[in-house]
Amino acid sequence: MKQTSMTIRQEVPADYRAVESLVRDAFWNVYRPGCMEHFVLHCLRQDPAFVPDLALVLEQDGRLIGQFAAVRADAALDDGSVLPVLNVGPLCIAPEMQRQGLGRLLLDTALQKAAERGFGAAVLEGDPAFYGPSGFVPGKTVGIRYADDPEADYFLVKELRPGFLQGKHGIYRDPAGYFVCLTRPQEFADFEAQFPAK
Numbered sequence: 003m004k005q006t007s008m009t010i011r012q013e014v015p016a017d018y019r020a021v022e023s024l025v026r027d028a029f030w031n032v033y034r035p036g037c038m039e040h041f042v043l044h045c046l047r048q049d050p051a052f053v054p055d056l057a058l059v060l061e062q063d064g065r066l067i068g069q070f071a072a073v074r075a076d077a078a079l080d081d082g083s084v085l086p087v088l089n090v091g092p093l094c095i096a097p098e099m100q101r102q103g104l105g106r107l108l109l110d111t112a113l114q115k116a117a118e119r120g121f122g123a124a125v126l127e128g129d130p131a132f133y134g135p136s137g138f139v140p141g142k143t144v145g146i147r148y149a150d151d152p153e154a155d156y157f158l159v160k161e162l163r164p165g166f167l168q169g170k171h172g173i174y175r176d177p178a179g180y181f182v183c184l185t186r187p188q189e190f191a192d193f194e195a196q197f198p199a200k
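What the sequence shown shows, in this note's numbering, is residues 3 to 200, in sequence order.
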């Protein structure tokens, strides 16, 4: 049996295009025709909310097979205050490497780093069956509801610091950085044209 080497490290600028290609391949035709997530990531890197030291890549024997990115975000609480959280995504694994536990490995490593940096909670939109084993629960069950769909089971929250969400109730809206494909359609089209046709 061949021994393989897995490495999780911080993304560096030399990785950017390869990571964007990986994201494009992983998300292509998954949630909609084509893909937007690679352009979102490309733009998020310039967003002040982006957390560069949580931009991670997963390599197997030196080959890029996964990535994790996140931004600082806020939930508007019912008492008028703001709750800082970490918005996870995009997160992906190369299509041919999926369903081997690598996404969970990368996610759990990134969330541990986020907790060490002082983040109290992480949020994302995703499949509860995948994210549940990493400690994510529907936001509505812990008092944080998704603005676009308050009863959504796919809006997930994880406490990174015990008690951080206790007694908190409010609404979460996605950061504007995730909507760049809608607000900058020509730039998105020009960016997509730089990649091989699918």
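Heads up, the beta-carbon is just placed ideally off N, CA and C, and yes, glycines get one too.
query: Along the chain, where does the beta strand (DSSP E) containing residue 160 start, and where does it finish?; result: 157 to 161
query: For residue 47, does the three-state DSSP call read helix, strand or coil?; result: coil
query: How do the stretch 36 to 52 and the stretch 66 to 81 stand: do at least 3 beta-carbon pairs fall below 8 Å, yes or no?; result: yes
query: So which of 20, 68, 150 and 188 has the shortest CA-CA distance to residue 98?; result: 68
query: Start and end of the beta strand (DSSP E) containing residue 100?; result: No beta strand (DSSP E) contains residue 100, which DSSP labels as neither H nor E.
query: Helix or strand or just coil, what does DSSP make of residue 9?; result: strand
query: Drop a sphere of 10 angstroms on the beta-carbon of residue 163, count the other beta-carbons inside from all chains shown, and report buried for 16 or more, exposed for fewer.; result: exposed
query: Measure the C-alpha to C-alpha separation of residue 146 and residue 101 and round it to an integer number of angstroms.; result: 29 Å
query: Measure the beta-carbon distance from residue 70 to residue 112 and round it to whole angstroms, keeping in mind my assumption that it falls under 8 Å.; result: 4 Å
query: Would you give the residue range spanned by the alpha helix (DSSP H) that residue 29 belongs to?; result: 18 to 29
query: Would you list the one or two residues that DSSP bridges to residue 94?; result: 69
query: Is it right to say residue 165 is buried, meaning 16 or more other beta carbons lie within 10 angstroms of its own, or is it exposed?; result: exposed
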